[in-house]
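Chains as they are written, first to last, in our numbering: chain U, 1 to 348; chain G, 1 to 348. Ideal placement from N, C-alpha and C gives every residue a C-beta, glycine not left out. These notes concern the structure reproduced below.
There are 2 protein chains.
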Amino acid sequence: MFENKINRTELENLGEFGLIEHLKTAIPLKNKGSEKGIGDDAAVINNDGKRTVVSTDMLVEGVHFDLTFHPLKHLGYKAVVVNLSDIYAMNAIPQQILVSMALSNRFSLEAIDELYEGMALACEKYNVDLVGGDTTSSTSGLILSITAIGQAEENEIVYRSGAKENDLLCVTGDLGAAYMGLQILEREKRIFLENPKIQPDLGGNDYILERQLKPEARKETIEKLKELKVIPTSMIDISDGLSSEILHLCKASNLGCDLYEDKIPIDPQTYERAQEFNMDATVCALSGGEDYELLFTIRQEDYETLRPAMDIAIIGHMRDQASGANLIDRSGGSIALRAQGWDALMKR
Amino acid sequence: MFENKINRTELENLGEFGLIEHLKTAIPLKNKGSEKGIGDDAAVINNDGKRTVVSTDMLVEGVHFDLTFHPLKHLGYKAVVVNLSDIYAMNAIPQQILVSMALSNRFSLEAIDELYEGMALACEKYNVDLVGGDTTSSTSGLILSITAIGQAEENEIVYRSGAKENDLLCVTGDLGAAYMGLQILEREKRIFLENPKIQPDLGGNDYILERQLKPEARKETIEKLKELKVIPTSMIDISDGLSSEILHLCKASNLGCDLYEDKIPIDPQTYERAQEFNMDATVCALSGGEDYELLFTIRQEDYETLRPAMDIAIIGHMRDQASGANLIDRSGGSIALRAQGWDALMKR
């Protein structure tokens, strides 16, 4: 009934980050309460008291999860954790979530209860309240949209933009496991679809499967940092793969960095499965995504305080912008880092 | 791959409000900052300063809007306004929004720009900042999830639950027009689909079409109330139709009410079109929905302050719970009010 536009730019040519950049310029901030808008892990709001930190994520069936192998309870848990991870990445403490969902009539009340059971478990574990949301119908599948709200004092908030030259690049836990877990699940799904009589063989993969199906956010890292009174100079959570996140820190802080391949923490199970799949474990860590570990920079003088008290890996250091963002490989060669992480808009 | 549950309760047998009630009990509030959770127009959070008021809504193509007659720019505008309306309904001032969207590859960058143009227009008009969100792909159509954040002093916040016996029941603007606008659009769509050569005849329906396609939230009502220093005893915005909203106020406040049919404000254009469609204009106002007017109760002593300064209709008064919620018709007869508003879960 209404005319169509003649110009047409495909979203896949732009990518998710391109689209965010494009949209960021469209609407300038006006209110004095809006301290930080689009472009970090969360927005920051000033309430003439503590800061409110807010982040939101949308999960779409068939794009972000496959109900063939994501049980609803785990999905509910993961959907909450993924959002809390963004709040922790601002060095804030999550307090509340809002959950919106669209459901097709394929879903029964019992299915929703399972989903909520997982959400309740995450709320319990992370001491977060579910305070609102919206439920509606969908014409196809399940869509979840979760908004997480956290609190922090003004001077505690850590942005992507605060790193300085020579700061140490740190990462919690290990990387690449969630991605390898997904490879296992997708392989077993293919086998199952070809021959439904064959039961999935998931044995020996407990760790990487759990990293994919039921990831955790790094609550204890943020608590420990507060206890040690160390405030990182910059921070981001690893949802799209290490490369992509390092490049975000470099770009926001106008710096370069050296990342040492041999320092990237990778679990033995991730290594073994990568070999099995003829994949390079480093590439899985760099580009795999969904690890929900924290990547942050600290001043060199904070190293002595942090290292004995925390299980973190120092994987490199920040350099000036002209040096670029580099991966130093095992032989000492330097390769420019490239973002090859998940790009949600490519996954159609 | 995973087993299915045997029990199955259909969501349509429960309805949206049934589902909300069911979910509300699942996860109790723990944090002292969570002042109000599920069950009002918005959640209320205490930041040791001003209160943060948060609400979220999900809009699904084919359920909440039809792109055949909702131009993307209007849709963007409406999606924002609908959420701001929830913040105003708490007597708070909206400050920020977060926008998440899932898009199929049917949509180009130019289409998204149109959508954002409408959002930017609403942000501009209501003095709100777009501070974050998420963009992802969808397997079918467009899904929007918007979270609105507002601020208020503790003593200003108005809940659904504060009405007292004999308080006056007030409503802004007029009702039923958005619903009649939708009837016109759906009629013209049917005609167009049957014969694409016939151009849609939308003339003479400007007001009701605008109410459907580009509704406004009642910013000036909240500003005026603050100016007059009148705090309503209870408040809700009319998204599902007057009956449903009145019943929410009655239930939350443990009261009954008398609503006078002849006091319900209805625009002449709504009357005329209702006649044309063989519909009862009162029924459209009671059950139509999407009006985004404010329904609120005031103390009788505030009547003298309010009435000369504001364009509101006094449509009834609150009674004790035992009296029930009643519609007093033009002949003086009393009928029990029933909610027959939009039930999102029925609309599949």
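Under 8 Å from the C-beta of residue i: neighbouring residues of chain G
i                     : result
residue 100 (chain U) : 56, 57, 58 and 145
residue 12 (chain U)  : 105
residue 9 (chain U)   : 108, 109 and 110
residue 50 (chain U)  : 47, 48 and 49
residue 31 (chain U)  : 95, 96, 127, 128 and 129
residue 19 (chain U)  : 109, 112 and 135
Residue span of the alpha helix (DSSP H) that contains residue i, given as start and end
i                     : result
residue 276 (chain G) : 268 to 276
residue 115 (chain U) : 109 to 126
residue 194 (chain U) : 177 to 194
residue 249 (chain U) : 242 to 253
residue 211 (chain U) : 206 to 213
residue 158 (chain U) : Where residue 158 (chain U) is concerned, there is no enclosing alpha helix (DSSP H), given that its DSSP letter is neither H nor E.
residue 356 (chain U) : Here chain U has residues from 1 to 348 only, and residue 356 (chain U) is not among them.
residue 306 (chain U) : 303 to 306
Bounding residues of the beta strand (DSSP E) (the contiguous stretch that carries residue i)
i                     : result
residue 316 (chain G) : 312 to 320
residue 43 (chain G)  : 43 to 46
residue 171 (chain G) : 168 to 172
residue 223 (chain U) : Counting along the chain, residue 223 (chain U) falls outside any beta strand (DSSP E), though it belongs to the alpha helix (DSSP H) covering 219 to 228.
residue 86 (chain G)  : Looking at the DSSP string, residue 86 (chain G) is not in any beta strand (DSSP E); the run it does join, the alpha helix (DSSP H), is 72 to 88.
residue 135 (chain U) : 129 to 137
residue 151 (chain U) : 143 to 152
residue 325 (chain G) : 325 to 328
residue 68 (chain G)  : No beta strand (DSSP E) contains residue 68 (chain G), which DSSP labels as neither H nor E.
residue 294 (chain G) : 294 to 298
residue 237 (chain G) : 234 to 237
Under 7 Å by beta carbon: chain U residues contacting residue i
i                     : result
residue 207 (chain G) : Neighbours of residue 207 (chain G) on chain U: none; closest Cβ ~19 Å, over 7 Å.
residue 140 (chain G) : 139 and 140
Where residue i falls, given that 16 or more other Cβ within 10 Å makes a residue buried
i                     : result
residue 203 (chain G) : exposed
residue 335 (chain G) : exposed
residue 215 (chain G) : buried
residue 322 (chain G) : exposed
residue 107 (chain G) : buried
residue 196 (chain G) : exposed
residue 94 (chain U)  : buried
residue 205 (chain U) : buried
residue 294 (chain G) : buried
residue 61 (chain G)  : buried
residue 320 (chain U) : exposed
residue 222 (chain U) : buried
residue 37 (chain G)  : buried
residue 50 (chain U)  : buried
residue 83 (chain U)  : buried
Pick from the options that is closest to residue i, judged by C-alpha positions
i                     : options                       : result
residue 152 (chain G) : G:81, G:92, G:14 and G:271    : G:92
residue 101 (chain G) : U:301, U:71 and U:144         : U:144
residue 43 (chain U)  : U:154, U:164, U:327 and U:250 : U:154
residue 265 (chain U) : U:276, U:314 and U:236        : U:314
residue 133 (chain G) : U:45, U:56 and U:250          : U:56
residue 59 (chain U)  : U:87, U:306 and U:290         : U:290
residue 260 (chain U) : U:170, U:288, U:307 and U:240 : U:170
residue 328 (chain U) : U:275, U:304 and U:258        : U:258
residue 292 (chain U) : U:271, U:240, U:320 and U:247 : U:240
residue 109 (chain U) : G:21, G:309 and G:238         : G:21
residue 296 (chain U) : U:255, U:281 and U:246        : U:246
residue 226 (chain U) : U:66, U:279, U:18 and U:310   : U:310
residue 157 (chain G) : G:38, G:177 and G:233         : G:233
residue 250 (chain U) : U:317, U:191 and U:287        : U:317
residue 126 (chain G) : G:237, G:77 and G:70          : G:77
residue 87 (chain U)  : U:150, U:23, U:115 and U:63   : U:150
residue 70 (chain G)  : G:184, G:302, G:236 and G:273 : G:184
Cβ distance (whole Å) where residue i is taken to contact residue j below 8 Å
i                     : j                     : result
residue 129 (chain U) : residue 31 (chain G)  : 5 Å
residue 89 (chain U)  : residue 41 (chain U)  : 4 Å
residue 218 (chain G) : residue 172 (chain G) : 5 Å
residue 360 (chain G) : residue 72 (chain G)  : The shown model of chain G, from 1 to 348, leaves out residue 360 (chain G), and the question about it has no answer.
residue 103 (chain U) : residue 137 (chain U) : 6 Å
Residues that residue i contacts on chain U, provided the C-beta gap is smaller than 8 Å
i                     : result
residue 42 (chain G)  : 132
residue 151 (chain G) : 33 and 47
Cross-chain neighbours of residue i in chain G, by beta carbon under 7 Å
i                     : result
residue 240 (chain U) : Ordered by position in chain G, no residue passes the 7 Å Cβ test against residue 240 (chain U), which lies about 12 Å from the chain.
Beta-carbon neighbours of residue i, restricted to chain G and to distances below 9 Å
i                    : result
residue 37 (chain U) : 96, 129, 130, 131 and 132
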